[in-house]
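Report on the following structure.
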Amino acid sequence: MSAGTGLPDDLVRSALDELADLALLRPSEQGAGGLRAVSPEVGLAALLAAAEAEAAGRQRQLEATRAAIAAIAAEHDTGRTEDGSVRLEGIDAVRIRLEELSVGVCLEVASLNPGGAHRPDARQASGPLNQQILERGVAIRAVCRESFRNDPDTLAHARWLTGLGGQMRTVATVPMPLVIFDRRIAILPLDPDDSRAGAIEVRSPGVLAASCALFEQTWAAGTPFGQAALPDDNGCTPVERALLEIISSGHTDDTAARKLGLSLRTVRRMMSDLMERLDAQSRFQAGVNATKKGWL
């Protein structure tokens, strides 16, 4: 078989097998065990037709799977009200729904995150999903509290997210938890002070407009991650100004610490410094003097 080529038998057999796989060789009718060459145009056209048939089969399977998922989703949404809202009881139900919505998002995920440090287990759970979203070209904009910069785990998550193309800004206090998908669906907490209680999924245009406005207002006031928050004309940082606003509203140091995501010791140290700068003998007087001086 290989006498006329000067090539080893195993190399010739391998070449013939490859040509047969490409439909460029067929059995010859002129001799037992003989082969005949096939025109590349004919052989490769047959190969293309087989590939197209296989692709069509896969497409039919995908369409059947998509229809099955849609049917399951429709059955799962039996609790949806007339205005499209759904009550999600408990943190597990919220997380499951966030995962489902993340798969279908097309343009942007925008979120307000008043929570504390981003623990490694939470980062491990959300990381792959966020990466898939960004790799699909979907934008991620997140607002977090300024205090998160003091936590190494949360800083690591922020660097990772922004390194992939996500955007993050920080503010002294975040008004409430909020996640908006494509400006079409918003996830709002049932209890802003207890995110584990659950959430409500809303699609009402009015609620969505208010939610988007709240996010954009908070985003505009934020400091981009990687930049330092600059003090205002009175020398107050955003966190110091927020602390004055909280104390002036009659809240305690404990409440201020919780809202700012800071330790009680840090809040008291900051407040003592502010009282000295405002020449105040009490927290109440500090609030009054801050208003008179135009700090608030």
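Quick note, this note's numbering runs 2 ahead of the 1-based positions in the sequence shown.
The beta-carbon is built from N, C-alpha and C at its ideal position, and this holds for glycine as well.
Bear in mind that the values here come from a model prediction, so they are computed numbers and not experimental data.
Identify every residue that forms a DSSP beta bridge with residue i.
i      : result
GLY200 : GLU91
VAL111 : ILE142 and PHE183
PRO207 : According to DSSP, which records beta bridges pairwise, PRO207 is partnered with nothing at all.
THR225 : THR172
LEU190 : ILE202
State the start and end residues of the unbroken beta strand (DSSP E) segment that holds residue i.
i      : result
ARG171 : 169–173
Considering just the uninterrupted stretch of the alpha helix (DSSP H) at residue i, what are its terminal residues?
i      : result
ARG285 : 285–294
SER250 : 240–250
THR156 : 154–165
LEU262 : 255–262
GLU148 : No alpha helix (DSSP H) holds GLU148; DSSP gives it neither H nor E.
SER274 : 266–279
Quick check on the burial criterion: 16 or more other C-beta atoms within 10 angstroms. Buried or exposed for residue i?
i      : result
ALA259 : buried
SER284 : exposed
ARG147 : buried
GLU242 : buried
LYS294 : exposed
PRO240 : buried
PRO130 : exposed
PRO154 : exposed
ASP256 : exposed
SER16  : exposed
ILE249 : buried
THR172 : buried
MET3   : In this prediction, MET3 has a pLDDT of 49, which is less than 50 and means its spatial position is unreliable; what the coordinates show is noted afterwards. It is exposed - the Cβ of MET3 has fewer than 16 other Cβ atoms within 10 Å.
VAL105 : exposed
PRO116 : buried
ILE98  : exposed
PHE286 : exposed
LEU266 : exposed
SER213 : buried
THR254 : exposed
LEU190 : buried
SER1   : For the chain, the structure presents residues 3 to 298; residue 1 sits outside this window and is missing.
ALA160 : buried
LEU276 : buried
GLY59  : exposed
GLY289 : buried
LEU64  : exposed
GLY228 : exposed
LEU232 : exposed
GLY92  : exposed
Just to check, is the beta-carbon of residue i closer than 7 Å to a non-hydrogen atom of the ligand ATP?
i      : result
VAL176 : Inclusion of the ligand ATP in the displayed structure is not the case, the ligand content being empty and no account of it being possible.
Does the segment 129–143 come into contact with the segment 162–180, if we say contact requires no fewer than three beta-carbon pairs (one atom in each stretch) closer than 8 Å? yes
Hey, is the segment 84–103 in contact with the segment 195–213, meaning 3+ C-beta pairs nearer than 8 Å? yes
If contact is defined by three or more beta carbon pairs under 8 Å, each pair taking one atom from either stretch, is the segment 264–282 in contact with the segment 189–204? no
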